[in-house]
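Chemist: Structure in structure tokens, see below.
Residue numbers (the numbering used here), protein chains in the order written: chain V, 5 to 121; chain A, 2 to 116.
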């Protein structure tokens, strides 16, 4: 499984854009890049997933360069409620009996984002 | 919106006792997972389950652990003889498992305290 490296923490003010970059130098051809958010005492929550280029949803954008060795999660105009730990995962997808199956997700230490007024 | 549920929310047990943690995955999902998170540490994968068998397991998931889907809705994690170091938050997750886009939905967790 590809190992991921991301900053331990980031501070931001309300209304700013937060960009968290994750390195995954050993990403494999079939790997997808997925980001999760976790609040204290809650389970992780899916934010966004991508394979290459740019993906955008109502919550965030994910930028993946052509070599796919890194990815950047962009949170536009953060609010206090965006204070959380953000995890970058590189998912191992394989075929199992002809059906797509996801192997184990390896969570790293994550990035603690603190948003202040 | 459908969600993964887990019971109990908090379980306290004595060392050496057996515990069963219960999860109800989202109804049309095919893949199920257990993770644990020791307080202040990262989320650790334990096991994935598909088609009534284990797909993948980590080195943490030793012979003391087992999983079962006893009926069409529940997914359980059993720890046969709990140790102090099993104290953690245990999260169940499920996913549709369709090709390409795959999102794991996590439950709220069960806090296990082993005394």
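Glycine included, every Cβ here is placed at the ideal spot set by N, Cα and C.
None of these values were measured; they are calculated from a predicted model.
Could you check if residue 13(A) is buried or exposed, using at least 16 other CB atoms within 10 Å of its CB as the buried criterion?
Modeler: Residue 13(A) sits at position 12 when you count from the first residue of the second chain. Exposed is the call here.
Chemist: I want to verify the contact list: residues of chain V whose CB lies under 9 Å from the CB of residue 110(A), in sequence order.
Modeler: For the purposes of this step, residue 110(A) is taken as the residue at position 109 of the second chain. Per Cβ cutoff of 9 Å: 45, 46, 47.
Chemist: Of the residues 56(V), 70(V), 71(V), 51(V), which one's Cα is nearest the Cα of residue 64(V)?
Modeler: Taking the first residue of the first chain as position 1, residue 64(V) is located at position 60. Cα-wise, what sits closest to residue 64(V) is 51(V).
Chemist: Just list the beta strand (DSSP E) runs in the stretch 41 to 104 of chain V, keeping only unbroken ones of 3 residues or longer that don't cross its boundaries, in chain order.
Modeler: If we require 3 residues or more, the beta strand (DSSP E) runs fully inside the stretch 41 to 104 of chain V come out as 49 to 54, 57 to 60, 65 to 68, 74 to 79, 88 to 95, 97 to 100.
Chemist: Can you pull the chain A residues whose beta carbon is under 9 Å from the beta carbon of residue 41(V), in chain order?
Modeler: Residue mapping note: residue 41(V) aligns to position 37 of the first chain, counting from 1. Under the 9 Å cutoff, chain A gives no residues; its nearest Cβ is about 11 Å from residue 41(V).
Chemist: Check distances from the C-beta atoms of the stretch 16 to 43 of chain A to those of chain V and list, in chain order, the residues that come in under 9 Å.
Modeler: Taking 9 Å as the Cβ-Cβ cut-off against chain V, the residues of the stretch 16 to 43 of chain A that qualify are 31, 32, 34, 36, 38, 42, 43.
Chemist: DSSP state of residue 31(A), grouped into three classes?
Modeler: As a working mapping, residue 31(A) is identified with position 30 in the second chain. Residue state, collapsed to three classes: coil.
Chemist: Going along chain V, which residues have a C-beta under 9 Å from residue 104(A)?
Modeler: Residue 104(A) sits at position 103 when you count from the first residue of the second chain. Within 9 Å Cβ-Cβ: 38, 50, 53.
Chemist: From the DSSP secondary-structure annotation, give me the bridge partner or partners of residue 111(V).
Modeler: The residue you call residue 111(V) lines up with position 107 of the first chain. According to DSSP, residue 111(V) bridges with nothing at all.
Chemist: Tell me whether residue 97(A) sits in a helix, a strand or coil according to DSSP, three-state version.
Modeler: For the purposes of this step, residue 97(A) is taken as the residue at position 96 of the second chain. DSSP places residue 97(A) in coil when its eight states are reduced to three.
Chemist: Work out the CA separation of residue 27(A) and residue 93(V) for me, nearest whole Å.
Modeler: In the first chain, residue 93(V) corresponds to position 89, counting from 1. In the second chain, residue 27(A) corresponds to position 26, counting from 1. The straight-line gap from Cα to Cα measures roughly 22 Å.
Chemist: If you follow the beta strand (DSSP E) that residue 13(V) is part of, which residue opens it and which one closes it?
Modeler: Counted from its first residue, the first chain places residue 13(V) at position 9. Here the beta strand (DSSP E) through residue 13(V) covers 13 to 17.
Chemist: Where residue 118(V) and residue 72(A) are concerned, what is the direct C-alpha to C-alpha distance, given to the nearest angstrom?
Modeler: Counting from 1 along the first chain, the entry for residue 118(V) is found at position 114. Counting from 1 along the second chain, the entry for residue 72(A) is found at position 71. C-alpha separation (whole angstroms): 42 Å.
Chemist: Can you pull the chain A neighbours of residue 67(V), defined as C-beta to C-beta under 8 Å?
Modeler: Reading the first chain from its first residue, position 63 is the one you call residue 67(V). Ordered by position in chain A, no residue passes the 8 Å Cβ test against residue 67(V), which lies about 18 Å from the chain.
Chemist: Tell me whether residue 28(V) is buried or exposed, calling it buried when 16 or more other Cβ atoms sit within 10 Å of its Cβ.
Modeler: Position 24 of the first chain holds residue 28(V). Per the 10 Å Cβ criterion, buried.
Chemist: Would you check if there are 3 or more beta carbon pairs closer than 8 Å linking the stretch 15 to 31 of chain V to the stretch 80 to 96 of chain A?
Modeler: As far as the Cβ criterion goes, the stretch 15 to 31 of chain V does not touch the stretch 80 to 96 of chain A, which means the pair count is below three.
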